[in-house]
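Quick note: to get the numbering used here, add 1 to the position in the sequence shown (first position is 1). This report refers to the structure that appears directly beneath it.
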Amino acid sequence: MTALDIQRIRADFPILKREVHGRPLVYFDNAATTQKPQAVIDALVEYYSTYNANIHRGIHALAEEATARYEATRQSVADFIGAPSADCIVFTRNTTESINLVAHAWGRKNLQPGDEIVLSAMEHHSDIVPWQLLAQATGARLRVLGIDDEGRLLSDDIERLIGEKTKLVAVTQMSNVLGTINPVEQIAELAHQQGALMLVDAAQSIPHMPVDVQALGADFVVFSAHKMLGPTGVGVLYAPRDLLEEMDPFLTGGEMIRRVTYEDSSWNDVPWKFEAGTPNIGDVCAFSASLDYLSDLGMENVRAHEIDLVTVAMRRLSQIEGVTIYGPRNPEDRGGVVAFNLDDVHPHDLATVLDQHGVAIRAGHHCAQPLMGRLDVVATARASFYVYNSEEELDALVEGIEAAARLFRAPVPTRA
Ligand code: PLP
Numbered sequence: 002m003t004a005l006d007i008q009r010i011r012a013d014f015p016i017l018k019r020e021v022h023g024r025p026l027v028y029f030d031n032a033a034t035t036q037k038p039q040a041v042i043d044a045l046v047e048y049y050s051t052y053n054a055n056i057h058r059g060i061h062a063l064a065e066e067a068t069a070r071y072e073a074t075r076q077s078v079a080d081f082i083g084a085p086s087a088d089c090i091v092f093t094r095n096t097t098e099s100i101n102l103v104a105h106a107w108g109r110k111n112l113q114p115g116d117e118i119v120l121s122a123m124e125h126h127s128d129i130v131p132w133q134l135l136a137q138a139t140g141a142r143l144r145v146l147g148i149d150d151e152g153r154l155l156s157d158d159i160e161r162l163i164g165e166k167t168k169l170v171a172v173t174q175m176s177n178v179l180g181t182i183n184p185v186e187q188i189a190e191l192a193h194q195q196g197a198l199m200l201v202d203a204a205q206s207i208p209h210m211p212v213d214v215q216a217l218g219a220d221f222v223v224f225s226a227h228k229m230l231g232p233t234g235v236g237v238l239y240a241p242r243d244l245l246e247e248m249d250p251f252l253t254g255g256e257m258i259r260r261v262t263y264e265d266s267s268w269n270d271v272p273w274k275f276e277a278g279t280p281n282i283g284d285v286c287a288f289s290a291s292l293d294y295l296s297d298l299g300m301e302n303v304r305a306h307e308i309d310l311v312t313v314a315m316r317r318l319s320q321i322e323g324v325t326i327y328g329p330r331n332p333e334d335r336g337g338v339v340a341f342n343l344d345d346v347h348p349h350d351l352a353t354v355l356d357q358h359g360v361a362i363r364a365g366h367h368c369a370q371p372l373m374g375r376l377d378v379v380a381t382a383r384a385s386f387y388v389y390n391s392e393e394e395l396d397a398l399v400e401g402i403e404a405a406a407r408l409f410r411a412p413v414p415t416r417a
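Encoded structure:
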């Protein structure tokens, strides 16, 4: 059983005390964004009430303190993901911006007509659209790794599609719909054998399991603070320093320059070359508190807790007549996400009934429309778990689904 003390953890999250429609809140929409512990809220308040200042430019105490705390978070991020140094960490607004940064700053410089970018059939739109635009701009072509009926990448496709034309492989480590955990280490190795680079979308993995970016062997790793107890508005791009140095700037203007004339400009050192303008200082500083919180829990424990929850959730959902669960059947092969459908009930209707029971889930295409096509559905419901969720909360989920089944699937009375 889990090593996490769920009741103690829950006490750290003020929002979990609230009710929704007169029922205790059951928050199962963690793949979209997570709730924040008091320590993160306090860190934000502390920034704005004691050391709010712009960074890297002021010669006064507040500016120096804000700069030191902002840069200390960069080191905390590096430590959390096993990066060799803080200058491999670029702060962006979110995973989406980190991927766009790579597409512009690396992609436009390095791709040519005929080159190939390999994605997978389970990518989030943010790991599709930037590559599509890049392909249109450079004459490169997208190739897509298929999945089997349990939502696992086809190993034949991995062997077949990653070849000498491949310049970049961009694959999610954990699907936000299927929960599938992909063998990104092996894929990175294959990519490197072909001289290609590897980008790992870790938006759903770094918040939920131990990840060491050097062991992954990936060239780019991207994720968002808001999915790991941190504030919104902070994303991360990890890349080795020499790769960042070779890349062109992305956004340009203040802070990212060394010298500017009307004729020409030169760039700041990495990572600041990629952080144009005033960054999201308060949120970056508060992100540190969420990293400390997760480190104290232990990422192995977070992962074990989610396997426990998913095991029970899958068992209980599969006992409800008419429920189809997507993704790998073995809970060990998936993250803390269960996407499902209830026969004859649109996921939006299901989510509305669950909301009436105080249960927050997501319903829709989950920013993965091509995957919905592969699953042959327009949408699914999705319950996604985190450190403060308990097995007891699954009762409310099951009750809500059964209520929706009664409401929408009741036989329509016929006239005599
Ligand atoms: N990639 C995956 C796998 C995701 O689940 C998400 C968000 O749900 C993203 C990328 C985009 O993250 P953000 O909206 O923080 O940019």
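All C-beta atoms in this analysis are idealised placements derived from N, C-alpha and C, irrespective of residue type, glycine included.
Count the C-beta pairs between the region 234-252 and the region 88-101 that are closer than 8 Å, then say yes if the count reaches three, no if not. The answer is yes - the region 88-101 touches the region 234-252, with three or more Cβ pairs under 8 Å.
Look at the alpha carbon of Gly108 and the alpha carbon of Asp243, and state the distance between them as a whole number of angstroms. Taking the straight line joining both Cα atoms gives about 16 Å.
Classify His349 as buried or exposed, calling it buried when 16 or more other Cβ atoms lie within 10 Å of its own Cβ. His349 sits exposed, since fewer than 16 C-beta atoms from the chains shown fall within 10 Å of its C-beta.
Could you check whether the Cβ of Ile207 sits closer than 8 Å to any Cβ belonging to chain B? Among the chains of the structure shown, chain B does not appear; only one protein chain is present.
For Ser121 versus Leu143, is the C-beta spacing smaller than 8 Å? No.
From Ile42 to Gln370, what does the alpha carbon distance come to, in whole angstroms? Distance between the alpha carbons of Ile42 and Gln370 is about 34 Å.
For Gly175, which beta-bridge partners are listed by DSSP? The sequence shown places Met at residue 175, rather than the Gly named in the question. Paired residues: Ile182.
Counting C-beta neighbours from all protein chains within 10 Å, is the total for Glu246 16 or more, i.e. buried, or is it exposed? So Glu246 counts as exposed.
Going by the CB atoms, is the gap between Phe81 and Val235 shorter than 8 Å? With respect to Phe81, Val235 sits apart: the two C-beta atoms are not nearer than 8 Å.
Pro25 - partner residues in DSSP beta bridges: Partner(s): Glu20.
Assign Thr325 to one of three DSSP states: helix, strand, or coil. Residue state for Thr325 is assigned as strand, using DSSP reduced to three classes.
In chain order, what residues of the same chain have a beta carbon less than 7 Å from the beta carbon of Phe409, not counting five sequence neighbours either side? Short of 7 Å from the beta carbon of Phe409, and not among the five residues preceding or following it, lie these beta carbons of its own chain, in chain order: Asp345, Val346 and Asp350.
Which residues end up in the neighbourhood of the ligand PLP when you take C-beta atoms closer than 5 Å to any of its heavy atoms? Taking each Cβ in turn, the ones that pass are Asn95, Thr96, Thr97, His125, Ser127, Thr173, Asn177, Asp202, Ala204, Gln205 and Ser225.
Report yes if the CB atom of Thr381 is closer than 8 Å to the CB atom of Phe341, and no otherwise. Closer than 8 Å, so yes.
Would the beta-carbon of Ala44 be found less than 7 Å away from any heavy atom of the ligand SAM? In the structure shown, the ligand SAM is absent; the only ligands present are the ligand PLP.
Could you tell me whether the Cβ atoms of Asn95 and Ser225 are closer together than 8 Å? Yes, the Cβ-Cβ distance between Asn95 and Ser225 is below 8 Å.
Quick check: Asp128 and Thr181, are their CB atoms within less than 8 Å of each other? The answer is no: Cβ separation not under 8 Å.
How would you label Lys228, buried or exposed, when you count the other beta carbons within 10 angstroms and need 16 or more for buried? Lys228 should be labelled buried.
At 4 residues or longer, and completely inside the region 297-385: list those alpha helix (DSSP H) runs for me, N to C. DSSP runs (the alpha helix (DSSP H)) wholly in the region 297-385: 300-319, 348-357 and 370-376.
With contact counted as at least three CB pairs below 8 Å, one residue from each stretch, are the region 316-327 and the region 262-269 in contact? The region 316-327 makes no contact with the region 262-269; the number of CB pairs closer than 8 Å stays below 3.
Which partner residues does Gly236 have in the DSSP bridge list? BP columns for Gly236 point to Thr93 and Ser225.
Close beta carbons around Glu160, own chain, < 8 Å, minus the five adjacent residues each side: Hits under 8 Å: Leu191.
Straight-line CA distance for His367 to Val261? Answer to the nearest angstrom: the Cα atoms are 43 Å apart.
Are Val311 and Arg335 close, meaning C-beta to C-beta below 8 Å? A Cβ-Cβ contact shorter than 8 Å links Val311 with Arg335.
Determine which residues share a DSSP beta bridge with Leu200 and list them. As DSSP reads the structure, Leu200 sits in a beta bridge with Ala171 and Phe221.
Cα-Cα, which of Ile16, Glu20 and Asn53 is closest to Gln36? That would be Ile16, whose Cα lies nearest to the Cα of Gln36.
Compare the Cα-Cα distances from Leu355 to each of Met210, Gly401 and His57 and report the closest residue. The option with the nearest alpha carbon to Leu355 is Gly401.
Whether Gly283 touches Leu5 by CB criterion (8 Å): With contacts defined by Cβ atoms closer than 8 Å, Gly283 and Leu5 do not form a contacting pair.
Let's test the definition: count the other Cβ atoms within 10 Å of the Cβ of Ile1 and tell me whether it reaches 16, buried, or not, exposed. The first residue shown for the chain is 2 and the last is 417, placing residue 1 beyond what the model contains.
For Glu160, which of helix, strand or coil comes out of DSSP? Helix.
Under the DSSP definition of a beta bridge, which residues are partnered with Ile148? Beta bridge pairing from DSSP links Ile148 with Leu154.
If you drop the 5 nearest sequence neighbours on each side, which residues of the same chain put their C-beta closer than 7 Å to that of Ile10? Taking Ile10 as the centre and dropping the five residues before and after it, the same chain places the C-beta of Val388 and Tyr389 closer than 7 Å to its C-beta, in chain order.
Give the single residue among Val201, Arg363, Gly164 and Ala67 whose Cα lies nearest to the Cα of Met123. Nearest Cα to Met123 within the set Val201, Arg363, Gly164 and Ala67: Val201.
Verify whether the separation of the beta carbon atoms of Ile56 and Ala73 is less than 8 Å. Not in contact: Ile56 and Ala73 (Cβ atoms no closer than 8 Å).
Once DSSP output is grouped into helix, strand and coil, what is the label at Asp265? Asp265 sits in coil when the DSSP states are folded into three classes, being neither helix nor strand.
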